[in-house]
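Inspection log for the structure reproduced underneath, given as structure tokens.
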Amino acid sequence: MRTRVKQALQAQKPQNGLVLKGWVRTKRESKGVVFLELNDGSCRGNLQIVADSSMICAEGFEGINTGAAVLAEGDLVPSPGRGQKWELKAGSIQVLGYADPKPYPLQKKRHSDEFLRSIAHLRPRTNKYGAMNRIRSELSFAVHHYFRDHGFNYIHSPIITGSDCEGAGEMFLVTALDLEQPAVRKKPVDFALDFFGKKAHLTVSGQLPAESLACALGDVYTFGPVFRAENSNTPKHAAEFWMVEPEMAFADLDEIMDMSQDLVQSLTRHIMNNCSEDMELFTRFVDQSLEERLERVSSRPFERISYSMVLEVLQKSKKNFEFPLEWGLDLQTEHERYLCEEYFQGPVMVYNYPLELKPFYMRVNDDQTTAAAMDVLLPRVGEIIGGSQREERLEVLDHRIREAGLDPEEYWWYRDLRRYGSVPHAGFGLGFERLLMFITGASNIRDVIPFPRTPNALEF
Ligand code: 4AD
Ligand code: MG
């Protein structure tokens, strides 16, 4: 049985005959003794392995360099060195996999994020991306815990879909047709011949199927990958990202605003309380104001402001925005930043957007000009959550579907939910990567997901 570095570092007393396996971070030699810093990914810390030079230099062992995988067997003893409580006095060391130091790219202590993106398959071996991936894992479990604690059922929305949830036409086509075939190349392609007998896409959101389950199980959520072919090459957009989507029967706009705030605050607090060693790295090397900001966001209520009030606030600001906001236009990053970072200096929920800005499924307010929609904006990352109360009235829904240029027939099953036992219901989608950016201070979405998918980038 191997002992993990994390367990060894937390030991309460010396232990004999431990086996550790991991990758060598550094090797240093002094007076006939070799010191290896061993990391196995179980935590940010390394365990120091101390061995006789004679053992290390036995056949082939001089090849143990940064990046090599080794098995070290020995006794865990108090370390006389500074900065660590324990070290492993090795009785034997076995090389599991050599790493040729010449081409191995992770030799330096620090590398730029841009460089590490080009070796995404190796970057989890660095301190920073080890920490990032551990936090990502912990945050995923925290999401599930949160909803389980609140009595939600975890459901699975399909990834292949026949409908465009957001109606934005930013979908990847899924086909089993051989597009090189002359029969298929003739235009227009006849998708009746395709696998599903119709055109299929990767879903942009799990919401529509989630509504069906919410209207049976009450409170449900999905947490899975979604796909968007929007060609916006920004630090906040990925073509494949993970979304957390709760959907609640009998709920209205106010309830999802309350839950959005509680969810973001609980998840933030969970990471602060459970990932302190890894979070310390981000506070030290990425953003020194991180801890203070997370503390503030997780303890103070979020501001709530209607879209029309936002217009007034921006007009009164006398700021020279590149894209001045007018009724019917979407908020740009510069507006989001002004609201969160200057005007309110904290998270903001904007609600009641102009109808024409929002998809067909959002509930039409009594003023007939706004939708019961809300977005949560956070300092630095901007929009992190988008949600709404859903249109539960069949006639209104049909009208909105037609207005969007869609065919009500195609949404027959979604319309059925309004024909049989229709109830007010509401939900939202939280961008998992955007939350990770907020929590770690990372400024590029490419750095919070192990293998980012963005325009012209599909190396790994
Ligand atoms: O606001 P959006 O488009 O909402 C929906 O898709 C709804 N159907 C969700 C629902 O009500 N169940 O997306 C939700 C969130 C955004 O606020 C943002 O955080 C994130 O998903 N997001 C992206 N994250 C990374 N890359 C992209 N290209 C993203 N597009 C949206
Ligand atoms: Mg949105």
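Mapped onto our numbering, the consecutive letters of the sequence shown carry residue numbers -3 to 456.
All residues carry an ideal CB built from backbone N, CA and C; glycine is no exception.
Terminal residues of the beta strand (DSSP E) in which residue 459 lies: There is simply no residue 459 to check, as the chain begins at -3 and stops at 456 in what is shown.
Boundaries (first-last residue) of the beta strand (DSSP E) holding residue 23: 11 to 26
Pairwise C-alpha distance: residue 273 and residue 40: 7 Å
With respect to 7 Å, is the separation between the Cβ of residue 528 and the closest non-hydrogen atom of ligand 1 below this value? Lying outside -3 to 456, the shown extent of the chain, residue 528 is not represented and no answer is given.
Alpha helix (DSSP H) runs wholly inside the segment 342 to 427, at least 4 long, in chain order: 390 to 399 and 408 to 415
Just verifying my parser: in three-state terms, what is the DSSP assignment at residue 94? coil
For residue 138, tell me which candidate among 264, 50 and 407 has the shortest Cα-Cα distance. 264
Tell me, please, which residues DSSP counts as bridged to residue 82. 74
Taking residue 45 and residue 34 to be in contact with their CB atoms under 8 Å, please state how far apart those CB atoms are, rounded to whole angstroms. 5 Å
I need the boundaries of the alpha helix (DSSP H) containing residue 270, first residue and last residue. 249 to 270
Cβ pair count under 8 Å reaching 3, the segment 239 to 256 against the segment 369 to 377: yes
Please report the distance separating the alpha-carbon of residue 324 from that of residue 1. 56 Å
Beta-carbon separation (whole angstroms), residue 235 vs residue 223, contact threshold 8 Å: 6 Å
Got a sec: does ligand 2 put a non-hydrogen atom nearer than 7 Å to the Cβ of residue 371? yes
Closest by CA to residue 303, which one among 434, 352, 201 and 386? 352
Rounding to the nearest angstrom, what Cα-Cα distance links residue 134 and residue 37 in this structure? 14 Å
Give the range of the alpha helix (DSSP H) segment to which residue 126 is assigned. 123 to 145
Residues sharing a beta bridge with residue 66, DSSP: 18 and 91
In terms of residues, what are the limits of the alpha helix (DSSP H) holding residue 197? Unbroken run through residue 197 is the beta strand (DSSP E), 196 to 198; no alpha helix (DSSP H).
Determine the DSSP secondary structure at residue 167, reduced to helix, strand or coil. coil
With C-beta atoms as the reference, is residue 73 less than 8 Å away from residue 10? yes
Would you call the segment 303 to 318 in contact with the segment 338 to 357, where contact means no fewer than 3 C-beta pairs closer than 8 Å? yes
Going by DSSP, name the residue or residues bridged to residue 323. According to DSSP, which records beta bridges pairwise, residue 323 is partnered with nothing at all.
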